[in-house]
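Numbering-wise (the working numbering), the sequence shown opens with residue 99 and increments by one.
Report on the following structure.
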Amino acid sequence: MDNKKKRDAISRTSVVKTPEVQALCEIAQLVGSAAKLETTLSEILRILHDTLYMERASLVLLDETAENLTIKASYGLTKEEKERGVYNLNEGVIGKVFRSKSPFVVPDIKSEPLFLNRTQARSITKSSIAFI
Numbered sequence: 099m100d101n102k103k104k105r106d107a108i109s110r111t112s113v114v115k116t117p118e119v120q121a122l123c124e125i126a127q128l129v130g131s132a133a134k135l136e137t138t139l140s141e142i143l144r145i146l147h148d149t150l151y152m153e154r155a156s157l158v159l160l161d162e163t164a165e166n167l168t169i170k171a172s173y174g175l176t177k178e179e180k181e182r183g184v185y186n187l188n189e190g191v192i193g194k195v196f197r198s199k200s201p202f203v204v205p206d207i208k209s210e211p212l213f214l215n216r217t218q219a220r221s222i223t224k225s226s227i228a229f230i
C-alpha cells in the first residue's frame, strides 16, 4: 500500500480527540454506567470544570414536592453553599432561566439585579457568568 493510501486509511479510522470531544466521551461513559444521579451529575460537572476551566458550577433542578428549585449537583461549592442554593420558581436569574427555558448570559454580574448570590460562594470578581 502506498503512503497516500495509508494516510487515507488512517484518516478514515482515526478520531482526533480535542479536549471537548474527550470530555463528551468521558461523560457518555459515566451516563452509561450511572448508579446514583447526584454523584454522576457532580462528576459530569467536574469533567466540564477540567475541560472548560470553570471556577464553579451547579445544576439546579425542580423539586416538585417543595415546589422550588434546588442545587442537586455542584462543583466548587462547599456543602453549606450548596444547601443555600434553594430558589422560588419566580426568583432571580435561576427562576428566569427556568421559566423561559432559555440560557441567560449576565455581562456584568455586579450590576445584575436578578443575581442573588444565594450560595454566597464568591466574592464577585468575574465580569460575566452564563446561566443555562
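Note that beta-carbon positions come from the ideal geometry of N, C-alpha and C, so glycine has one too.
| Check | Outcome |
| --- | --- |
| Distance, Thr163 Cα to Gln127 Cα | 31 Å |
| Collapsed DSSP secondary structure at Phe196 in the structure displayed | helix |
| Close-in-space but distant-in-sequence residues of the same chain around Cys123 (CB under 8 Å, 5 per side omitted) | Lys115 |
| Span of the alpha helix (DSSP H), counted from its first residue to its last, around Lys180 | 177-181 |
| Extent of the continuous alpha helix (DSSP H) to which Leu150 belongs | 135-150 |
| Beta bridge counterpart(s) of Asn166 as assigned by DSSP | Asp161 |
| Stretch pair the stretch 166-173 + the stretch 181-195: three plus CB contacts closer than 8 Å | yes |
| Beta bridge counterpart(s) of Ser172 as assigned by DSSP | Ser156 |
| The stretch 197-204 touching the stretch 170-184, judged by at least three CB pairs closer than 8 Å | no |
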